[in-house]
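> The structure is given below, and queries will be raised subsequently.
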Ligand code: F6R
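In full-length UniProt numbering, the protein residues as written are 248 to 600.
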C-alpha cells in the first residue's frame, strides 16, 4: 500500500533511512558486534583468492560500489560482472573463486544462468537478495537478506542502497574498515533522511534542468563514476531522457562532442583524490555551453554547487550521492506526465534471458 504517496517510487525513496537502520539492527547486536553472518559464509570467502560479483542493472551498479569494500577492507581482489555477459563469455577465473550474486528479486534469469554454470563447475556461491526464498537464494550455497522490504516500483531505489549497505557490512565482517562502521552507518541513516527532506530542491532542479531536454549526463570519478551509472539508469528508465553515466575522464575521449547549449551535466563530487580533476571537467563542459549541476560533499563543496551532500566517510558517500539522483529521476518523470512506477517496456523482475 502506498498510503499517502502518489507513487511507490517516492515512498521507497523515503524508506531508505529506515531501511539503513533496519539493516544495522539486523547485522549488529546491542554491543556493536556483527551478527547474522554465519561463520560458514566468512570461512568459505576466506578460503577464496578472488570474489566475483555477478548481477544485472541496478544490482550490478551496487556491486561496483561493493567491490571497493571487499578490496579495501577485506583485501580480497574483486571483479564485478554483468550476468548476461558472464553467462556466455565466462572470463578466465582465479584458482579459488567465490561468487556473490546480488539481486533484488532473486529471480533474474541472467543471474540464474550464471549460478547454474558456476554450480556445475563446483564453485561456492552466496546470494544477497531482497526477496528471500527466491530461486537465487535457494540454489546458492549461502544466502543473506538485503532487508529493503517489498519494492514495488519498477525503478529500484531502496534495494540499491540496501545492497550497498549489506556488502559494506559483509566486507567489515571479513576485514577491517579502519573506522567504526556501525556508528558511521547510523550517521548515514540520519543524512539520507536529511536529503530526502529536501524534495523541493530536487523537484526544482529536475524541472529547471530536464523538462524539454532530450539528453543528459552524469559524470564522476572513482566511486562517483559507479554512482553516475546508477543515476543515469534511474533517470533514463523512467523519464525516457537519454542519459549517459560515465567516468568523467572519458569525456575528452569522445563524449564531450555531444555537449550542446544547455545540455544538463550532473557531476557527483565526493571523492577527494579526484575532486580537482573533476572540477576541471565540469569547467570544460560548462565552457561548451552545458548546464552543469554539481552535487558535492561538504568537504569538497564550492560556491555555486547545486546541492551540498552531508559528509560521511568517503567510501560510504555513494549511499548519499544516489539519493538526489533518485529524486531528480522521480520529479523529471512526474513533470513529463509519465507513470513513474510503471515505465513502458519494463517488468519488475526479468525472468527471461
Ligand atoms: C532498474 C532495475 C533493474 C534491476 C535488474 C536486476 O531500476 O530495477 O535494472 O536492478 O533487472 O534485477 P534484480 O536485482 O531483481 O536481479
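Backbone N, C-alpha and C define an ideal beta-carbon position, used for all residues, glycine too.
As the structure is a computational prediction, the values presented were derived from the model and not from experiment.
Check residue 538 in the structure and name its three-state DSSP category.
strand
> Could you pull the start and end residues of the alpha helix (DSSP H) that residue 315 belongs to?
304-319
> Along the chain, where does the beta strand (DSSP E) that runs through residue 368 open and close?
Premise fails: residue 368 is in no beta strand (DSSP E) and is neither H nor E.
> I believe residue 441 touches residue 428 by the beta-carbon criterion, under 8 angstroms. Please report the beta-carbon distance rounded to the nearest angstrom.
Not a contact, Cβ separation roughly 20 angstroms.
> Kindly give me the distance between the Cβ atoms of residue 556 and residue 545, rounded to whole angstroms, as I take these residues to be in contact under 8 angstroms.
7 angstroms
> Among 466, 443, 413 and 495, whose alpha-carbon lies nearest the alpha-carbon of residue 284?
413
> If contacts are defined as beta-carbon pairs under 8 angstroms, then residue 578 and residue 450 qualify, I think. What distance do you get, rounded to the angstrom?
4 angstroms
> Considering only the alpha carbon of each residue, which of 552, 509 and 252 lies closest to residue 515?
Just measuring C-alpha positions, the residue of 552, 509 and 252 sitting nearest residue 515 is 552.
> If you measure from the CB of residue 394, is any heavy atom of the ligand F6R nearer than 8 angstroms?
no
> With 16 other CB atoms within 10 Å as the buried threshold, where does residue 395 fall?
buried
> What's the call for residue 410, buried or exposed, on a 16-neighbour Cβ count within 10 Å?
With a 10 Å radius around the Cβ and a threshold of 16 neighbouring Cβ atoms, residue 410 comes out buried.
> Please classify residue 357 as buried or exposed, where buried requires at least 16 neighbouring CB atoms within 10 angstroms.
buried
> When the Cα of residue 259 is compared with those of 407, 295, 376 and 368, which residue comes out closest?
407
> Quick check on residue 449: does DSSP put it in helix, strand or coil?
In this structure, residue 449 counts as helix in the three-state DSSP scheme.
> On the DSSP bridge assignment, give the partners of residue 344 in chain order.
297
> Is the closest heavy atom of the ligand F6R to the C-beta of residue 498 under 8 angstroms?
no
> Drop a sphere of 10 angstroms on the beta-carbon of residue 508, count the other beta-carbons inside from all chains shown, and report buried for 16 or more, exposed for fewer.
Exposed, since its Cβ has fewer than 16 Cβ neighbours within 10 Å.
> Which residue or residues does DSSP assign as beta-bridge partners of residue 465?
Residue 465 pairs with 492 and 513.
> For residue 348 and residue 424, I'd like the C-alpha separation in whole angstroms.
22 angstroms
> Go ahead and pull the three-state DSSP assignment for residue 443.
helix
> By Cβ distance below 7 angstroms, which residues in the same chain neighbour residue 582 in space, the five residues on each side in sequence not counted?
453, 454 and 458, listed in sequence order.
> Would you kindly work out how many angstroms separate the C-alpha atoms of residue 270 and residue 281, rounded to a whole number?
11 angstroms
> How about residue 354: is its Cβ closer than 8 angstroms to a heavy atom in the ligand F6R?
Yes - the ligand F6R has a heavy atom lying nearer than 8 angstroms to the Cβ of residue 354.
> Using a Cβ-Cβ cutoff of less than 6 angstroms, which residues in the same chain neighbour residue 261 once the five nearest sequence positions on both sides are dropped?
Exclusion of the five residues before and after residue 261 leaves 443 as the residues of its chain whose Cβ lies within less than 6 angstroms of its Cβ.
> Take every Cβ of the segment 372-384, pair it with every Cβ of the segment 562-576, and state whether three or more of those distances are shorter than 8 angstroms.
These segments do not touch.
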